[in-house]
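Inspection log for the structure reproduced underneath, given as structure tokens.
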Amino acid sequence: MMLDRLRAPEKDGGAGLTTGDIQKLIDQGIGTVEALAFAPTRHISSLKGVSEQKAERLKRAALSLIPMGFQSAGQYLEQRSSMIRISTGCPSIDALLRGGVETGSITEVFGESRSGKSQFCHALCVAAQLPVSQGGAAGRSLYIDTEGTFRPERLADMGHKWGLLVTKRRRRDEIKGSGEKKDWTRMMKEKAALEKRIDELNEKKAATGYDRDRFRDLRNELGRLEARLERLIEDKQRLYSEVRNRVEFQYDSPGGFDRSRVKGVCAKLFDVKQEYAEYARALEVAAGSKLYHICVDDPQTAKILMSDPSSRQMRRRQNFVPLSKIQTRIPTPQQISGAKRAAASVNGECVPALDAVDCPECYTKVVEYLFGATFLCDTSDTGKAVTFHPQVKAKSVTKDGDSYDPSGSLTGGSSSNGNDYSVLRTLCEHFARCREERQLNGDIEQLNVEISRHQKSKGAWENIDREQRDLDSQLGSVSCRITSHPYHTLHQEIEELSVQIEEHEKSIEELEVEKERLAAEVGRLQEEVASLGGNQEEQIRKLKEEIERVKAEESSLRGQQEAQAAKVGDMEMEKESIERDVEALEASISGQALEELRGELEGLQAAHERSKEKHQAIEDKLAGMNQSRQTVQDDIDALEAKLVELKESKAAAESEVKRQTKSLSELQAALNATGDRLDKLESDRPWISREKAGFGVDGSEWDFDASELDLRQSQKQLAKYEKDQKEAGRDLNKKAGMQYEQSKVAAQKLIADKETTLAEKREIERFRDSLDDRKSEELTRTVQQVNKWFGGIFRSLLPNVNAKLSPPAGMTQLEGLELKVQLGSVWKESLTELSGGQKSLLALSLVLALLKFNPAPMYILDEVDAALDVSHTTNIGRMIKEYFPQAQFIIVSLKDGMFNNANVLFRTRFVDGTSAVSRTELKNNGSSSTSSSPAGQNARGKKRRAADALQD
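Positions in the sequence shown are counted from 1; adding 17 to them yields my numbering.
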């Protein structure tokens with residue numbers, strides 16, 4: 018069962034897994050729901066971003082999807098009866114094991130070195146493949162070796178001993194006789210049918226129109242938009258609550274009254290354009306109190322509202338503006354142009370107030386009534402220039418709310434409430450939130466429509482998907498059976514051999530072409546040799562002329578000749594081997610073509626023999642010419658130029674002979690390799706000899722022309738690659754193989770070290786996360802306990818108050834804590850309202866609360882009550898007695914209120930000019946005992962008194 022089943026939310030039986038979570042689990046080796054259900058919790062929680070709580074939730078969800086139940090003893094007995102035991106090959110050991118090694122369980126083999134543990138495991142590997150009737154399991158074995166002790170030759174010996182190994186020919190005959198080919202063909206058809214059915218299901222899934230990823234994205238987007246809408250509504254309501262009292266007109270409708278006749282507060286009938294939002298304060302000043310007048314359709318409506326008894330309950334007087342009676346004044350084009358020129362003269366900005374707002378056409382008169390011919394300016398200088406311009410003479414208001422009137426009155430300097438708060442700006446922000454809310458509602462509605470469409474087709478899609486997963490499982494099972502089927506391996510071998518046969522045929526064709534080329538070269542050489550036989554006397558003179566020059570090269574040529582002779586001898590020896598190889602090829606190659614090839618090869622060798630004989634004759638002639646070279650010395654100078662040409666021709670001929678010899682050697686090597694390869698194929702695969710008669714026959718099992726593979730093209734590519742490899746051989750690093758092995762070992766070591774390091778890193782991160790969790794838990798527990806003592810101590814010192822430590826807004830306890838004080842029922846945001854004494858008590862309470870959490874052996878307070886009155890001093894004493902009954906306090910104080918709660922009092926005073934200390938021990942019944950001593954007593958007395966004080 019795949020992990021995708023856990024993508025659903027918890028309410029639908031899933032775990033809310035994301036794609037990232039699934040990938041993390043797969044990387045950790047947990048790829049199925051079953052593996053997740055039975056994985057250790059600590060193993061799951063070690064993943065980054067997965068806490069222990071989330072790991073437990075994932076395990077619960079996985080367990081809920083796995084059918085689990087109880088098993089009866091009878092069922093378990095029946096299950097045990099199907100288990101078999103594998104023989105070890107030793108009757109005594111089988112007797113000790115009650116029949117052999119039991120399957121379905123884990124068997125551990127231990128003992129000293131060289132005690133036969135590996136031998137025992139090798140025997141089990143072979144025995145497991147025996148039939149059940151012979152003590153085996155009729156199966157296969159997986160041997161994992163980490164110490165290099167696996168010995169396949171031992172398995173072969175055991176297999177021969179127990180009759181397990183068979184030859185390939187015998188195995189193929191068994192396969193052919195047992196009808197396994199039909200079984201393999203049936204499974205291939207079954208696989209094709211499953212693949213076809215899966216393709217059809219994929220088409221059906223696509224036809225449903227449901228997209229699981231798209232559906233999940235839509236749900237996530239819907240949740241995001243709904244959360245955004247919720248925040249937007251809260252923000253909108255907050256903004257409107259700030260201006261509600263100013264822009265909301267509430268009234269009770271008289272009987273039969275049409276509420277549409279009341280348009281509302283004028284401030285709500287228009288909106289400030291976005292590009293002029295910075296002029297909201299200026300527009301508010303320009304409109305003044307008219308901004309909050311009530312707009313109605315006509316004067317009669319206003320009379321009805323004012324005469325209604327409910328109007329008497331209005332909290333303030335209202336001014337009504339009838340739309341039908343509004344008289345307006347707007348700026349003239351001359352004023353507008355003059356205002357722009359005036360603003361440009363001082364590098365300022367000026368805009369008519371009517372151009373800065375936007376409203377429905379029915380409320381145009383209301384806007385003109387509010388702002389009239391007022392201009393909005395950016396600065397005071399611009400406002401002055403515009404207002405007092407001869408062509409303008411109109412009111413102007415700046416961004417800061419400074420108003421300039423052409424009559425000479427100037428208003429400004431500060432806002433009405435002492436800050437920069439603007440009702441109109443807040444109202445415009447509220448309108449913007451309303452528009453955004455409508456847009457979000459539209460988007461949410463579209464998402465709901467699309468989600469509903471997906472929801473309708475989800476059921477059909479899931480049914481198809483469930484069927485497809487079942488088919489995928491069946492396909493995987495069939496594929497595994499096909500891969501492990503014996504005939505499948507045989508089929509692959511047949512295909513490989515077909516390719517090899519095509520390669521051999523191509524090699525033969527290339528050899529034939531090479532043979533023709535060599536024949537042409539031999540003919541050309543024969544013509545050149547024949548041309549040397551004519552005109553003997555002239556040739557003798559020419560040859561004598563080059564004797565002196567040839568002497569230096571003679572030894573080298575003789576060495577080459579000897580090497581060629583040796584090669585020829587080797588070629589003669591290999592000839593017989595090639596003939597035997599050719600006989601082996603006769604069964605698979607046309608007899609006529611083979612005879613032609615043999616004839617051509619014999620012709621080439623005969624031509625080579627003739628060339629060798631002629632070359633020997635030339636050598637004999639050369640020896641005779643050496644005897645008579647003195648007689649032809651006079652003609653050397655005349656034929657020197659001709660000798661140069663002959664020397665070049667000879668060098669070219671010798672080079673060609675070498676090349677042809679080398680080509681012939683390569684040809685013979687290729688033929689030899691081909692024969693060896695065919696022999697090896699026939700020895701390794703005995704069925705070739707039996708089936709080769711059908712190779713290439715149309716309609717047979719070995720019809721190579723009907724194969725879909727382009728074998729000839731593959732052979733051409735192989736030849737090209739071999740040529741490229743040969744040409745690049747001189748540039749290759751000969752030590753690369755050894756270096757590669759060394760680098761491979763080093764890389765494997767590095768990979769192992771990396772895995773170890775990553776495992777340690779994950780362990781450290783897990784430990785770090787656990788420490789962080791413990792630190793957070795301890796800090797939370799500490800803060801809770803300290804807050805408990807802190808509030809109690811502070812209340813005991815200062816009644817009717819409370820105090821606590823809490824993180825600032827937007828921060829956690831790990832980032833910091835701040836002091837909060839509750840006076841009455843209100844928690845104060847700062848400590849500025851506390852007096853100096855209250856702050857002292859607050860600090861003392863915090864210090865003592867921290868010390869109570871982490872106690873000290875002794876506390877010394879030096880005049881901590883100096884700034885406090887008597888009542889607070891008394892409270893400190895009672896608090897110490899209540900919260901620190903087992904602690905040792907030494908307190909220096911000058912106030913009696915502190916003494917009442919002490920166990921022992923030490924008083925110092927001057928007696929006859931000498932400091933004296935008196936000790937008073939207070940009893941529970943209020944009685945006391947006093948002793949005194951001068952301050953000048955010896956050190957022993959001081960130590961005794963100090964010890965008494967500490968003990969008390």
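Just so you know, even glycine gets a beta-carbon here, dropped at the ideal spot from N, CA and C.
Contact under 8 angstroms by Cβ, residue i with residue j
i	j	result
leucine 867	leucine 848	no
glycine 176	valine 143	yes
glycine 914	glycine 894	yes
leucine 444	valine 279	no
serine 2	arginine 779	No answer is possible for residue 2: the residues shown for the chain start at 18 and end at 969.
alanine 826	glycine 808	no
glycine 48	leucine 20	yes
valine 2	valine 838	It is not possible to answer for residue 2, since the shown part of the chain is limited to 18 through 969.
arginine 926	alanine 933	yes
alanine 78	threonine 58	no
leucine 492	leucine 775	no
leucine 239	leucine 457	no
valine 803	leucine 822	yes
leucine 831	serine 793	yes
alanine 916	tyrosine 876	In the sequence on display, residue 916 carries phenylalanine and not alanine. Taking 8 angstroms as the Cβ cut-off, phenylalanine 916 and tyrosine 876 do not qualify as a contacting pair.
proline 339	alanine 356	no
methionine 100	glutamate 129	no
C-alpha distance - residue i paired with residue j, whole-angstrom precision
i	j	result
isoleucine 83	glutamate 51	7 angstroms
serine 150	serine 104	11 angstroms
valine 440	arginine 346	25 angstroms
alanine 952	methionine 828	Any answer about alanine 952 is weak, because its pLDDT of 47 lies below 50 and its placement is not dependable; what the coordinates show is given next. Each residue's alpha carbon lies about 56 angstroms from the other.
aspartate 398	arginine 236	56 angstroms
arginine 276	lysine 382	20 angstroms
alanine 359	proline 407	10 angstroms
isoleucine 705	glutamate 699	6 angstroms
glutamate 880	serine 857	12 angstroms
glutamine 472	arginine 229	10 angstroms
glutamine 352	glutamine 317	36 angstroms
glycine 37	aspartate 162	36 angstroms
proline 874	valine 928	34 angstroms
Beta-carbon contacts of residue i that lie in its chain and below 8 angstroms, excluding the five residues immediately before and after
i	result
alanine 303	Ala370, Leu387, Phe388, Thr391, Leu393, Lys412, Val414, Ser420
threonine 225	Ser474, Ala477, Trp478, Ile481
lysine 253	His447, Arg450, Cys451, Glu454
arginine 470	Gly226
glycine 854	Ala884, Leu885, Asp886, His889
glycine 153	Ile103, Ser104, Ala144, Ala145, Gln146, Leu147
aspartate 965	In this predicted model, aspartate 965 has a pLDDT of only 38, less than 50, meaning its place in the structure is not dependable; the value taken from the coordinates is given anyway. Around aspartate 965: Val921, Arg936.
N- and C-terminal bounds of the alpha helix (DSSP H) containing residue i
i	result
threonine 399	397-404
tyrosine 257	229-264
phenylalanine 448	440-501
Own chain partners of residue i with C-beta closer than 7 angstroms, once the 5 adjacent residues on each side are dropped
i	result
valine 384	Phe287, Leu371, Val374, Cys376
asparagine 892	Ser813, Leu814
Extent of the continuous beta strand (DSSP E) to which residue i belongs
i	result
glutamate 820	Note that residue 820 corresponds to alanine in the displayed sequence, not to glutamate. Looking at the DSSP string, the run of the beta strand (DSSP E) that includes alanine 820 is 818-823.
phenylalanine 927	921-928
tyrosine 876	876-879
isoleucine 311	311-313
glutamate 938	931-939
glutamate 339	The sequence shown places proline at residue 339, not glutamate. Note, proline 339: beta strand (DSSP E), 337-339.
Residue i Cβ short of 7 angstroms to the ligand COA heavy atom set
i	result
glycine 273	No copy of the ligand COA appears in this structure; indeed no ligand is present at all.
6 angstroms Cβ shell around residue i - same chain, five flanking residues per side excluded
i	result
arginine 298	Gly418, Ser439
lysine 185	Bear in mind that the predicted position of lysine 185 carries a pLDDT of just 43, short of 50, making it unreliable; the figure below should be weighed with that in mind. Closer than 6 angstroms at the Cβ level, and outside the excluded window around lysine 185, lies no residue.
threonine 35	none
valine 466	none
Mind the definition here: the region 391-398 touches the region 369-376 only if three or more C-beta pairs lie below 8 angstroms; say whether that holds. Yes: the two stretches touch, three or more of their Cβ pairs being nearer than 8 angstroms.
Under 8 angstroms: do the region 258-266 and the region 397-412 share three or more Cβ pairs, one atom per stretch? Contact between the region 258-266 and the region 397-412 is absent, with fewer than three C-beta pairs closer than 8 angstroms.
Taking contact to mean 3 or more Cβ pairs, one atom from each stretch, closer than 8 angstroms, check whether the region 242-254 and the region 528-538 are in contact. Between the region 242-254 and the region 528-538 there are fewer than three inter-stretch CB-CB distances shorter than 8 angstroms, so the stretches are not counted as touching.
Below 8 angstroms, how does it come out for the region 160-179 and the region 119-139: are there three or more Cβ pairs, yes or no? Touching, per the Cβ criterion.
Specify whether the region 757-770 and the region 782-799 touch according to this definition: at least 3 beta carbon pairs, one from each stretch, less than 8 angstroms apart. Under the Cβ criterion (8 angstroms, minimum of three pairs), the region 757-770 does not count as touching the region 782-799.
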